[in-house]
Every structure is written in C-alpha cells, then in structure tokens.
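Reviewing the structure listed below.
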Amino acid sequence: SMLGSGAVIVMDESVCMVKVTYRALKFFEHESCGKCVPCREGTDWLRKILERIENGFGREGDIELLLDVVKVMIGRTFCPLGDGAAGVVTAMIKHFRNEFEEHISTRKCKLSEAN
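Count along the sequence shown from 1, then add 39; that gives the number in this note's numbering.
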C-alpha cells in the first residue's frame, strides 16, 4: 500500500496476486471520473491487460506493457487516483513478478488449482 491510501491488506500465500491486482484496477477504472486522458485511458488499459493475464490469455511482453502504461500515467493526472492505480501495478510487479510471469507462461493460476 502506498502512503496516504489509508489501507493495509494482509494476505497469505494462497491468494493470487495477479487476481488482486486485476480487482484493484477494476476499482480504479470504475472510480476514474474520466476527465483526464492518462487516468481514463491508463486505468482502462491496465485493467484490460490484467484481465487478459488473469484469464489465461497473457502474452509475452504484457508485464513490460503494464509498466509502460504506468510510466505514462504517473504525475500526469488531475488527481491522485491515476498515481494510485499506477502505484498498485508497479508494487505488485516489483514484489510478485514471478506470479505474473507464471500466469503468462502457463496460461493459468497455480493457486486456483490448489484450492
């Protein structure tokens, strides 16, 4: 969680971080007012890419594409919502990149099979 978000979420190793990131981006996309292009388009693209990865249709290069979209968003939105969305994606990839890579390479979530 980033400074100022007012939230701490604790999860164990049975939780899929790709799914958590996707759900967070659905929230940010829904909450975007749509007034500024970086937030409106950025949250939409981040959600679409994450949805593709989550549903087993991720492609090589999707992680880099997520990070490229984030770079376009940070510091270019009217309010902090866009930076918040970008921060979530950046942090999740930084700390759980292996889960994103595994989703893309195997086209499934190993955690959903275990539960």
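For glycine and all other residues, C-beta sits at the position ideal for the given N, C-alpha and C.
{"Check": "Provide the residue span of the alpha helix (DSSP H) that contains threonine 116, from first to last.", "Outcome": "Counting along the chain, threonine 116 falls outside any alpha helix (DSSP H), and DSSP gives it neither H nor E."}
{"Check": "With a threshold of 16 other CB atoms inside 10 Å of the CB of valine 47, please say whether the residue is buried or exposed.", "Outcome": "exposed"}
{"Check": "Whole angstroms are fine: how far does the CA of arginine 79 sit from the CA of valine 109?", "Outcome": "12 Å"}
{"Check": "Should the region 90 to 98 be called in touch with the region 124 to 136, which here means at least 3 C-beta pairs below 8 Å?", "Outcome": "no"}
{"Check": "If you follow the alpha helix (DSSP H) that lysine 87 is in, where does it begin and where does it stop?", "Outcome": "76 to 93"}
{"Check": "Helix, strand or coil for phenylalanine 67 per DSSP?", "Outcome": "helix"}
{"Check": "Taking only the alpha-carbon atoms, compute the straight-line gap between serine 71 and aspartate 122 and give it to the nearest angstrom.", "Outcome": "11 Å"}
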